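Scroll down for the structure; my scribbles are underneath it.
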Amino acid sequence: MPPKRKSIGRSTCLGRSKNISRASESVQQRDARLEDNRIQTAQARSNETVQQRKARLEDNRIQTAQARSNETVQQRKARLKDNRIQTAQARSNETVQQRKARLEDNRIQTAQDRLNETFQQRKARLEDIRIQTAQGRSNDSIYQRETRLGTNRKRNVRSRRTLHADLNLAAFHYDAEYDCILHPSVVIDKMDKLCKFCGKVKLPELHLPPEPLSTLISGATSQSKHFLRNIQKNNSCFQMTSFGATEIIWDNYMPTFKVQGQICHRQYIVDMYVKIVTERLLFIRLNQTKHRSENYIHLRDAIATDGNPNDLGKMIILPATFAGSPRHMHEYAQDAMTYVRVYGRPDLFITFTCNPRWEEIKELLLPGQSLSDRPDIIARVFNQILRALMHFIVGEVRLTKSS
């Protein structure tokens, strides 16, 4: 271990000259000096033995203890404030991986320290924690105390509910406040152990996701936090895109996508509509009592005609709110008869179709687009022309007759 350098006091000529030179140095010179000191210190510490390292740390500990024993209350507060600011700045600049590594190191070091401590040291540590907690709570305001008690109350309720929870079909009733780690039957450990039942299975190495996905899941930016808060909605939007595309178009506006040369926009719409109709039918089937389907007139007529309700099987009655159901079409027929009764028989039966080669549609296509690429334009132009036709029939023709 190299000999210690003699301390340079501020009162000596060498100390004053160093203070003057450091006061006149620029920011770059100061950074270069600190970097040189850091490199020299790292080299000296890399060459020292275990005994030299222990002796150095012990000397530093003694010097630190002596310096802190002589500081005043104001100096201690200033030192703690500076340490707090430096720690906050360092933690604000660290990445997610660095934060995980730091917490893991702290956890391992704390576990090792507590494992090696004696019974008296453990009692002294718990007593210090109790005194610090009592001092901190004595300085709490009424609002801080109520907030702390409310948080503890929620945590206790959640832990008690977790301890006595039934795990049967728990995956189908997800609760964000349910902490599975607290359950005595759930053991969640680090992924560093080899299972004795599947030791031959070797998973591939987990690589970092590519950009921009890596930035979106980091949680470091406002855009990333917004993405993580709405990740379920984002997954729902892209649930039909688990395939490879042979053509990717970046220029202009292209609301459709191609897979192996086939346009899948309408297929996507059809699949989504089928899912919606299936969910509605499932809801109707599971909520027949809420719809009071036993009071429907068609069901009573079927029972009266057939005589034996056991021969009907399990009948699912669709309400009138389901488009295309018999009751829905029956209501349409009743509405049509009402129009005939009030206004008389119709004079015209008009069939209005859409021609995709209308000039109004071709003018809105971008360069390189075909009619099959823009079903949204076709639908919008058709609705506008249909409204113009209805305005002509209802408005202008009626005004012409009345005049």
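Under UniProt numbering, the first residue of the sequence shown is numbered 1, with each subsequent residue one higher. Just so it is clear, CB atoms sit at the ideal spot from N, CA and C, and this is done for glycine as well. All values reported here derive from a predicted model rather than from experimental measurement.
Whole angstroms are fine: how far does the CA of residue j sit from the CA of residue i?
i	j	result
R56	A101	26 Å
R345	D335	13 Å
Y268	M390	32 Å
N235	T221	20 Å
Q97	Q40	29 Å
A23	N37	17 Å
S92	I361	54 Å
T338	G395	22 Å
G261	I378	Only weak support is given to the placement of G261: the predicted model assigns it a pLDDT of 47, under 50, and the value that follows is read from those uncertain coordinates. If you take the alpha carbons of G261 and I378, they lie about 22 Å apart.
G136	D128	12 Å
I108	P210	31 Å
D271	Q112	57 Å
K77	Q66	17 Å
S218	I62	42 Å
T118	N60	24 Å
residue 404	R374	What the structure shows of the chain is the stretch from 1 to 403, and residue 404 is not part of that stretch, so it cannot be assessed.
D82	A171	48 Å
V186	L167	10 Å
L213	Q384	41 Å
R84	H183	36 Å
I131	T49	39 Å
Spatial neighbours of residue i within its chain, please: C-beta separation below 8 Å, excluding the five flanking residues on both sides.
i	result
H226	none
V340	P346
Q232	none
Y143	none
Where do the ends of the alpha helix (DSSP H) carrying residue i lie?
i	result
G344	First-last for G344: undefined, no H or E at that position.
R45	V27 to N47
P375	P375 to H391
N106	V96 to N116
G136	F119 to S138
V157	I142 to L163
V50	V50 to N70
P73	One detail in the question is off: residue 73 reads as Val in this sequence, not Pro. Taken as a continuous stretch (DSSP letters only), the alpha helix (DSSP H) holding V73 covers V73 to N93.
L167	It is not in any alpha helix (DSSP H) - L167 carries neither H nor E in the DSSP assignment.
K225	S222 to R229
L365	No alpha helix (DSSP H) holds L365; DSSP gives it neither H nor E.
L318	No alpha helix (DSSP H) holds L318; DSSP gives it neither H nor E.
L213	L213 to L216
Excluding sequence positions up to five away, which residues of its chain have a Cβ less than 6 Å from the Cβ of residue i?
i	result
L216	S224 and F227
Among residues of its own chain, excluding the 5 on either side of residue i, which ones have a beta-carbon nearer than 7 Å to its beta-carbon?
i	result
W358	V381
L386	F352
A333	none
I393	none
R327	L318, P319 and A320
H173	none
Report yes or no: do three or more beta-carbon pairs, one from the stretch 270–285 and one from the stretch 317–327, lie closer than 8 Å? The way I'd put it, the stretch 270–285 does touch the stretch 317–327; three or more beta-carbon pairs between them come closer than 8 Å.
Count the CB pairs spanning the stretch 176–185 and the stretch 150–167 that are closer than 8 Å, and state whether there are at least three. yes
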